[in-house]
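Residue numbers (numbering that gives the first Met the number 0): 0 to 254. Even for Gly, the Cβ is constructed at its ideal location relative to N, Cα and C. Here's the structure, in structure tokens; my notes come after.
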Amino acid sequence: MTSKHWIEACGQRLFYRSAVGQPSQDRVSVVLVHGLGVSSRYFLPIMEHLATSFDVYAPDLPGHGHSPGKGQMQSIEALAQVLLGWLKVMQLERVVLVGQSLGCQVAVEAASYEPDRIERLVLIGPTMDPAKRSLHAQLPRFMADIPFERLALIPVVARDYLRMGWRAVPELQAMFAYRIEDKLPLLNQPLLLVRGEFDPVAPRRWLDEAARLHSTAQVETISGWGHAVQFSAPGRVAEIMRAFLTPQNTEFQAR
0 MTSKHWIEAC
10 GQRLFYRSAV
20 GQPSQDRVSV
30 VLVHGLGVSS
40 RYFLPIMEHL
50 ATSFDVYAPD
60 LPGHGHSPGK
70 GQMQSIEALA
80 QVLLGWLKVM
90 QLERVVLVGQ
100 SLGCQVAVEA
110 ASYEPDRIER
120 LVLIGPTMDP
130 AKRSLHAQLP
140 RFMADIPFER
150 LALIPVVARD
160 YLRMGWRAVP
170 ELQAMFAYRI
180 EDKLPLLNQP
190 LLLVRGEFDP
200 VAPRRWLDEA
210 ARLHSTAQVE
220 TISGWGHAVQ
230 FSAPGRVAEI
240 MRAFLTPQNT
250 EFQAR
């Protein structure tokens, strides 16, 4: 069962959810990083699945969900610094970062800045496809994704976007500006790339390109679903992640 918490980090009050088991040196800490305008709420289904094997945390970044924002534009780099500050205050020394959508950019930036703290990376529906880096190109993709999500996602996302309001606009600009493709070749961590079969935001062509840029990444596709596959098919995504994160899995070692 997940629990709710507040903590001070980087001079800000941050909300987070956690699902933590009995203390053990063998328990891996998994941190979930949400996407554009949303919050930790859309990770609740997968947190329940992952918590059987891992200690799971999901913070609301500044201006998202319950965490207040200061009103200024939050760049990907700034969000990553807050995430790293939160990890330090939480005393999470070695973690697996799991990003979804824009959260993938935040996770990659954090892993680039403090590689020793980030053990492995899982990127679900990563933005931004370099071939379609504009609102004109992306808006039809987001609209095309709607039929491939669970209906239960709509009130979750709607509530988060209403709460965030106008702050989503500069964050959208930050998402377009951040060049994740320049960071992927520099990563030393093992990397798992995940997408829904019908995800138009993160097409298979882009994930294959991202895997080549990293050189050792694994690409997994979840059949039948779209961009928010961690919400629509949490059990399947958790199963793939569990295989990737088990100590016995030696296929993906740091370079």
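Point to revise | Which of helix, strand or coil DSSP assigns to R162 | key: Position 163 of the sequence shown holds residue 162. DSSP places R162 in the helix class (H, G or I) of the three-state scheme.
Practice item. May I ask you to report which of helix, strand or coil DSSP gives P58? Key: Within the sequence shown, numbered from 1, the residue matching residue 58 stands at position 59. In the three-state reduction of the DSSP assignment, P58 falls in the strand class.
Practice item. Kindly indicate the opening and closing residues of the alpha helix (DSSP H) around G10. Key: Residue mapping note: residue 10 aligns to position 11 of the sequence shown, counting from 1. From DSSP, G10 is part of no alpha helix (DSSP H); its letter is neither H nor E.
Check your understanding: Apart from the five residues just before and just after E113, which ones in its own chain have a Cβ nearer than 7 Å to its Cβ?
Key -> Counted from its first residue, the sequence shown places residue 113 at position 114. Hits under 7 Å: L83.
Practice item. Give me the Cα-Cα distance between L43 and V121, rounded to the nearest whole angstrom. Key: Translated into the one-based positions of the sequence shown, residue 43 becomes position 44. Translated into the one-based positions of the sequence shown, residue 121 becomes position 122. Using only the alpha carbons, I get a separation of about 17 Å.
Point to revise | Residues that H4 bridges to, as DSSP identifies them | key: In the sequence shown, counting from the first residue as 1, residue 4 sits at position 5. The bridge partners DSSP lists for H4 are Y15.
Exercise for review: Please go through the segment 152-220 and give each complete alpha helix (DSSP H) segment of 4 or more residues, from N-terminal end onward.
Suggested key: Counting only runs of 4 or more, we get 152-163, 167-176, 179-182, 203-213.
Review point. Does the segment 122-130 come close enough to the segment 54-62 to have 3 or more Cβ pairs within less than 8 Å?
Key: Not touching, per the Cβ criterion.
Check your understanding: How big is the Cα-Cα spacing for L244 and V37?
Key -> Reading the sequence shown from its first residue, position 245 is the one you call residue 244. Reading the sequence shown from its first residue, position 38 is the one you call residue 37. Roughly 26 Å between the two C-alpha positions.
Check your understanding: Does the segment 181-200 come within contact of the segment 141-149, defined as at least 3 CB pairs closer than 8 Å?
Key -> Contact holds: three or more Cβ-Cβ distances are below 8 Å.
Check your understanding: Can you tell me where the alpha helix (DSSP H) with G137 in it begins and where it stops?
Key -> Counting from one through the sequence shown, the residue named residue 137 turns up at place 138. In the sequence as displayed, the identity of residue 137 is Gln instead of Gly. Run containing Q137: 134-144, per the alpha helix (DSSP H) assignment.
Check your understanding: Which residues share a DSSP beta bridge with Q99?
Key -> As a working mapping, residue 99 is identified with position 100 in the sequence shown. Under DSSP, Q99 forms a beta bridge with I123.
**Study point:** Those residues which DSSP pairs with S28 across a bridge
**Key:** Taking the sequence shown and counting its residues from 1, one reaches residue 28 at position 29. Paired residues: D54, V94.
Point to revise | Separation of S111 from L183, as counted between CA atoms | key: As a first step, residue 183 must be located in the sequence shown, where it is residue number 184. As a first step, residue 111 must be located in the sequence shown, where it is residue number 112. One Cα belongs to L183, the other to S111, and the distance between them is close to 9 Å.
Check your understanding: Going along the chain, which residues of its own chain have a beta-carbon closer than 7 Å to the beta-carbon of H48, five neighbours each way excluded?
Key -> Residue 48 sits at position 49 when you count from the first residue of the sequence shown. Cβ contact annotation for H48 (same chain, cutoff 7 Å, sequence separation greater than five): P233, G234, A237, in chain order.
Exercise for review: Identify whether E113 lies in helix, strand or coil by the three-state DSSP scheme.
Suggested key: Start at 1 with the first residue of the sequence shown, and residue 113 comes out as number 114. E113 falls in the coil class under three-state DSSP.
Practice item. Please go through the same chain and pick out, in chain order, the residues whose beta-carbon is closer than 7 Å to the beta-carbon of I117, but skip the five residues on each side of it. Key: The sequence position of residue 117 within the sequence shown is 118, counting from 1. Around I117, the same chain offers V94, L96, A109, A110, Q188 as residues with beta carbons nearer than 7 Å, after the five sequence neighbours per side are excluded.
Review point. Where does E47 fall in DSSP's three states?
Key: Taking the first residue of the sequence shown as position 1, residue 47 is located at position 48. In this structure, E47 counts as helix in the three-state DSSP scheme.
Review point. Can you name, in chain order, every residue of its own chain whose Cβ lies under 7 Å from the Cβ of F230, other than the five neighbours on each side?
Key: To locate residue 230, count along the sequence shown from 1; it is residue 231. Same-chain partners within the cutoff: Y41, P44, R149, L152.
Check your understanding: Can you tell me whether Q90 is buried or exposed, with buried defined as 16 or more other CB within 10 angstroms of its CB?
Key -> The residue labelled residue 90 in the question sits at position 91 within the sequence shown. Result: exposed.
Practice item. Determine contact between the segment 173-181 and the segment 126-135, defined as no fewer than three beta-carbon pairs at a distance below 8 Å. Key: Flag = yes, the segment 173-181 and the segment 126-135 touch.
Review point. How long is the line joining the alpha carbons of L78 and R119, rounded to whole angstroms?
Key: Indexing the sequence shown from 1 puts residue 78 at position 79. Indexing the sequence shown from 1 puts residue 119 at position 120. Approximately 19 Å, taken between the alpha carbons.
Review point. Does the ligand FAD have a heavy atom nearer than 6 Å to the CB of V55?
Key: In terms of ligand content, the structure shown is empty, and the ligand FAD therefore cannot be addressed.
Check your understanding: Can you name, in chain order, every residue of its own chain whose Cβ lies under 6 Å from the Cβ of E219, other than the five neighbours on each side?
Key -> Walking along the sequence shown from the start, residue 219 turns up at place 220. Contacts found: V193, I239.
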